[in-house]
Amino acid sequence: KSTDGGATWSAKTSELPFRDLIGNPELHDVLYASTSQRMSGGAAIYRSTNAGETWEEVRRLPEANRIRLAVTPADPAVIGAVASDSRTNGLEGVYKSTDNGASFADMKVDVNLLGKVAAGSDTIGQGVYDLAMAISPTNANLWFIGGINVWRSTNAGSSWLLSAHWWGDGGAPW
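Per our numbering, the sequence shown starts with residue 1340, numbered consecutively.
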């Protein structure tokens, strides 16, 4: 951990096996982290409000094996999360926070954003290692999720369109 812009560093250890770590672009002491699946406990999203000194679990996903997080300077209160399913490596869910990560709502996505099929109608995927998420730095409603394919949402995760397909199916470029 550095508190002087990277001039010096100190070791910070945690018993939590974080897989992803991002910071709030406005509230500099607020950090978000996610874990991978630990045994049968699933994965979880954590938040720190004191620059990583302590962590609070804010959402546990019992069927998730991996979670990827995203935040945007366009609206720093918005944090997105995508999780892959431990049984299929397809989509477990997409989650959104609008309160600086204090809570996350399930977006109830009805297509498999992590699968192979252009229609998102399959159940499998490669989410344990193909998992990406980004929110536009200038538009908090423009979200991207990548697995085998890339999907985009123009309404902050409420609906999804195929942007790129792994071999160019469904009218999407490869």
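Using N, Cα and C, we set each Cβ at its ideal position, and we do this for glycine too.
A quick note: this is a predicted structure, and the numbers were derived from the prediction, not measured.
*Whose CA, out of N1451, A1495, N1488, lies closest to the CA of D1508?*
The shortest Cα separation from D1508 among N1451, A1495, N1488 belongs to N1488.
*For R1491, the first and last residue of its enclosing beta strand (DSSP E)*: Segment 1489 to 1492, the beta strand (DSSP E) holding R1491.
*Go to Y1434, then tell me how far its beta strand (DSSP E) extends in each direction, as first and last residue.*
Taken as a continuous stretch (DSSP letters only), the beta strand (DSSP E) holding Y1434 covers 1430 to 1436.
_Any non-hydrogen atom of the ligand GDP closer than 7 Å to K1435 Cβ_ = With respect to the ligand GDP, the structure shown offers nothing to examine, as it has no ligands at all.
*What's the C-alpha gap between L1481 and A1350?*
Between the alpha carbons of L1481 and A1350 lies a distance of about 36 Å.
*Scan the stretch 1462 to 1486 and note each continuous beta strand (DSSP E) run of 3 residues or more that stays entirely inside, going in chain order.*
DSSP runs (the beta strand (DSSP E)) wholly in the stretch 1462 to 1486: 1471 to 1474, 1482 to 1485.
*Would you check if the stretch 1414 to 1434 and the stretch 1451 to 1459 touch, i.e. whether three or more CB-CB distances between them fall below 8 Å?*
Judged by Cβ distances under 8 Å, the stretch 1451 to 1459 makes contact with the stretch 1414 to 1434, as three or more pairs qualify.
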